[in-house]
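What follows is a single structure, written as structure tokens, with notes after it.
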Amino acid sequence: VADVPIGHITNGVHAESWIAAEIIALYDQYLGEDWTLRQTERTTWEAIDSIPSEELWQIHKKLKARLIDHARKNLEEQRRRAKDSPERIAEAQTLLNPEALTIGFARRFATYKRANLLFHDLPRLSRILNQSGRPVQILFAGKAHPADIPGQDLIREIYRVSQVDEFKGKIVMLENYDINLARYLVQGVDVWLNNPLRPLEASGTSGEKAALNGVINFSVLDGWWEEGYDGTNGWSIESSPDSDWQTQENENAESLYTKLEQEIIPLYYRQETYPEPWTAVMKRSIKTLSPEYNTHRMVQNYTDQFYAPTMSRYRKFQADGNHAAHTLAEFKLFILKNWGEVGSAIARDDLTLPASTGFKEVKVDIHLGQIAMKDVAAEIVYYADNKEGIWEPVHVPLIPEKDIDGGFSRFHTQIPSHLTHLKHYSVRVRPYHPLFNHHSEMSHNYTSVL
Numbered sequence: 015v016a017d018v019p020i021g022h023i024t025n026g027v028h029a030e031s032w033i034a035a036e037i038i039a040l041y042d043q044y045l046g047e048d049w050t051l052r053q054t055e056r057t058t059w060e061a062i063d064s065i066p067s068e069e070l071w072q073i074h075k076k077l078k079a080r081l082i083d084h085a086r087k088n089l090e091e092q093r094r095r096a097k098d099s100p101e102r103i104a105e106a107q108t109l110l111n112p113e114a115l116t117i118g119f120a121r122r123f124a125t126y127k128r129a130n131l132l133f134h135d136l137p138r139l140s141r142i143l144n145q146s147g148r149p150v151q152i153l154f155a156g157k158a159h160p161a162d163i164p165g166q167d168l169i170r171e172i173y174r175v176s177q178v179d180e181f182k183g184k185i186v187m188l189e190n191y192d193i194n195l196a197r198y199l200v201q202g203v204d205v206w207l208n209n210p211l212r213p214l215e216a217s218g219t220s221g222e223k224a225a226l227n228g229v230i231n232f233s234v235l236d237g238w239w240e241e242g243y244d245g246t247n248g249w250s251i252e253s254s255p256d257s258d259w260q261t262q263e264n265e266n267a268e269s270l271y272t273k274l275e276q277e278i279i280p281l282y283y284r285q286e287t288y289p290e291p292w293t294a295v296m297k298r299s300i301k302t303l304s305p306e307y308n309t310h311r312m313v314q315n316y317t318d319q320f321y322a323p324t325m326s327r328y329r330k331f332q333a334d335g336n337h338a339a340h341t342l343a344e345f346k347l348f349i350l351k352n353w354g355e356v357g358s359a360i361a362r363d364d365l366t367l368p369a370s371t372g373f374k375e376v377k378v379d380i381h382l383g384q385i386a387m388k389d390v391a392a393e394i395v396y397y398a399d400n401k402e403g404i405w406e407p408v409h410v411p412l413i414p415e416k417d418i419d420g421g422f423s424r425f426h427t428q429i430p431s432h433l434t435h436l437k438h439y440s441v442r443v444r445p446y447h448p449l450f451n452h453h454s455e456m457s458h459n460y461t462s463v464l
């Protein structure tokens, strides 16, 4: 995989589009009105610590109350469309508690995102949501692709569970998920839940939007959260490394329940007039995640890592009447015509014998035919234990030495003597030109076991 010339840019979100107006006003006051121009600078966000915790909390409570009001209207309209009884319609205006710990889960309902992981142990979930004096409520929202029947089944399952007596008003499925509803949710819940099946989450951005508003993430370590989580700015849903999917499911569910029971719920309700320990995590989340997971940083990364180098390469190929472009095109045509002659790598030393010094000298004769030594990159490849039980490839470049008879060319290198007990080495030859963008620009590859 390390040989594949693929880079990555982690997604970011447009801060001004997702941060609540009240939070923006708070940032204007304490970070400076030009904070949006400095949002990728970590020093900008250090000023978060100067925001009085009670002021931050009161704004958050206002946003949560606004979310709950909107959710009640959503439920009322949902019940009117379903032609529910007048009592059921009226009940919608009393569901949800503005003082309760509120968890949000809203996104595309693909099956790998496991919206129903919370339902792994329903009796345990019931105990968590129905603790006396420590109410917890969970808001779900999302849509499945019209062709994704399993995703639609997840929505049905959530609605079915939400109608069970012990979960009524504690688990709520909001319909007609759109950008407007998403804004209410990422601005107003206390905790943002994300539990995809590793390693299937490409990035995920809903949690980034939530973090900008001071909502704390609680997520599987996958996608952006694997990079963003530092042990102090939210919570992780854990599983053992390289576990199979069923084991991961069981371990994730156990971790999810345990963190809620032992860390998240006790922290939220450890308060007097306002939860100082909770707002400390809110601030830590804002301070550490905001400078990194925004579109300013994302676009800058694209520019620095891909767009600018591509433009530079374009100018190089365009210069002097496209001289470099013609040179490289001619080289590739030559390789295409003559690569069939490459082969027959012969080791001139017994690689299995121990070396008397710290290194073992290796000579390899490779048949290149009409291709010059300077036009290939040759290397010895073997696998070695990385001391963590994983065997990884080791690449040792072969240095051109001289042309010899019969279309062969001799290369040499040195290998550390403590590695020469390995019995299986390979030589790999690929085309090389200084104008290549990366070593795999041409797919041609010759490999032979020595």
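Everything in the sequence shown is counted per my numbering, starting at 15 for the first residue and increasing by one.
Think of the CB as a built atom: it goes at the ideal place given N, C-alpha and C, for glycine as much as any other residue.
All values derive from a computational prediction rather than experimental measurement.
6 angstroms CB neighbourhood of residue i in its chain, flanking five on each side removed
i	result
residue 310	53 and 54
residue 252	269
residue 64	44
residue 207	117, 119 and 232
residue 271	138
residue 301	59 and 62
residue 385	352
Coarse secondary structure for residue i, derived from DSSP in three states
i	result
residue 217	coil
residue 209	coil
residue 112	coil
residue 161	coil
residue 25	coil
residue 246	coil
residue 377	strand
residue 188	strand
residue 440	strand
residue 227	coil
residue 10	Given that the chain is displayed from residue 15 to residue 464, the structure contains no residue 10 and the question cannot be resolved.
residue 175	helix
residue 451	coil
residue 484	Residue 484 is absent from the structure shown; the chain starts at 15 and stops at 464.
residue 168	helix
residue 382	coil
residue 264	helix
residue 154	strand
residue 129	coil
residue 181	helix
residue 222	helix
residue 120	strand
Member of the options whose CA lies at the smallest distance from the CA of residue i
i	options	result
residue 124	347, 167 and 278	167
residue 178	420, 139 and 156	139
residue 264	338, 358, 128 and 190	128
residue 462	394, 429 and 415	394
residue 350	30, 456, 275 and 319	456
residue 258	211, 206 and 306	211
residue 412	383, 175 and 359	359
residue 330	83, 449, 146 and 154	449
residue 305	22, 62 and 419	62
residue 502	241, 94, 30 and 439	Nothing about residue 502 can be reported from this structure: the residues present for the chain run from 15 to 464 only.
residue 407	387, 385 and 441	441
residue 82	275, 73, 98 and 107	107
residue 70	339, 294 and 458	294
residue 186	193, 170 and 197	170
residue 27	312, 77 and 98	312
residue 250	266, 260 and 88	266
residue 299	460, 209, 355 and 228	228
residue 146	39, 423, 247 and 283	283
residue 162	23, 209, 379 and 122	122
residue 346	447, 356 and 319	447
residue 279	221, 256, 205 and 79	205
Cut-off 7 angstroms between Cβ atoms - residues of its own chain near residue i, not counting five sequence neighbours on either side
i	result
residue 452	19
residue 399	405
residue 427	376, 394, 410, 411, 412 and 413
residue 291	281 and 284
residue 110	82, 85, 86, 151, 183 and 186
Residue i, enclosing beta strand (DSSP E) - first and last residue
i	result
residue 284	Unbroken run through residue 284: none, as it is neither H nor E.
residue 396	390-399
residue 417	413-417
residue 423	422-430
residue 233	230-234
Element boundaries [alpha helix (DSSP H), containing residue i]
i	result
residue 295	290-303
residue 198	193-202
residue 461	Note, residue 461: premise wrong, no alpha helix (DSSP H); beta strand (DSSP E) at 460-463.
residue 17	It is not in any alpha helix (DSSP H) - residue 17 carries neither H nor E in the DSSP assignment.
residue 13	Residue numbering for the chain in the displayed model covers 15 to 464; residue 13 lies beyond these limits and cannot be assessed.
residue 40	35-45
residue 96	Where residue 96 is concerned, there is no enclosing alpha helix (DSSP H), given that its DSSP letter is neither H nor E.
residue 57	56-59
Neighbourhood of residue i by C-beta, 8 angstroms cutoff - its chain only, sequence neighbours within 5 removed
i	result
residue 103	90, 93 and 94
Give the list of continuous alpha helix (DSSP H) stretches no shorter than 4 residues that lie fully inside the stretch 316-375. When DSSP assignments are scanned along the stretch 316-375, the uninterrupted stretches of alpha helix (DSSP H) that are 4 or more residues long and fall wholly within it turn out to be 322-352.
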